[in-house]
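When you number the sequence shown by my numbering, it's gap-free, plus one each residue, and the end is 148.
Note that beta-carbon positions come from the ideal geometry of N, C-alpha and C, so glycine has one too.
All values derive from a computational prediction rather than experimental measurement.
For reference, the structure is listed below as structure tokens.
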Amino acid sequence: MHTAAGVEACLPIRSDMDLVWVRQHVRQAAARLGFGLVEQTKLVTAASELARNTLVHGGGGRMEATQVSGGGVRGLRLAFTDEGPGIADLDQALTDGYTSGGGLGMGLSGARRLVHDFDIDSAPGAGTTVRVTCWVSRPPRPREEA
3 MHTAAGVEAC LPIRSDMDLV WVRQHVRQAA ARLGFGLVEQ TKLVTAASEL ARNTLVHGGG
63 GRMEATQVSG GGVRGLRLAF TDEGPGIADL DQALTDGYTS GGGLGMGLSG ARRLVHDFDI
123 DSAPGAGTTV RVTCWVSRPP RPREEA
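Given below as structure tokens:
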């Protein structure tokens, strides 16, 4: 069972500058929670891709960041929401290499590979919400003295 500590931040995504703020916030929040540098980089990369999708394909929206915990570990859940045209074919959109507009096609499928939990809700005309969660790796157990 995972519990949420409440929304830590809700950031608008309306411009390229907002993408910078999203990346900075995610990196700082991940560092505060104890994510290592590699974990931070993966989460920031996923957040950057999803925020850009929110802006470019969804016409803008918001990101909510929430600290979560469960099973003795802490994590960060990010939700990217827009009220854009939605995604007509989710399976196609999640296929590696698929792009709807001149990009590299790494957005959704790439973000999904970089996080522990990935969930997407979308329908044509109904906007899109993508939720991702990364968990802080458990520290190694101390070795017992013989």
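Look at T97 here: in three-state DSSP terms it is coil, with no helix or strand label. For C12, the closest of L92, P126, H27 and A32 by C-alpha to C-alpha distance is H27.
I15 places its beta carbon 8 Å or farther from that of V22. Here the C-alpha atom of D18 lies approximately 20 Å from the C-alpha atom of A31. Taking a cut-off of 8 Å on C-beta distances, the region 114–129 does not touch the region 69–76, as fewer than three cross pairs fall below it. Fully enclosed beta strand (DSSP E) runs of no fewer than 3 residues occupy 63–72 of the region 46–73, in order along the chain.
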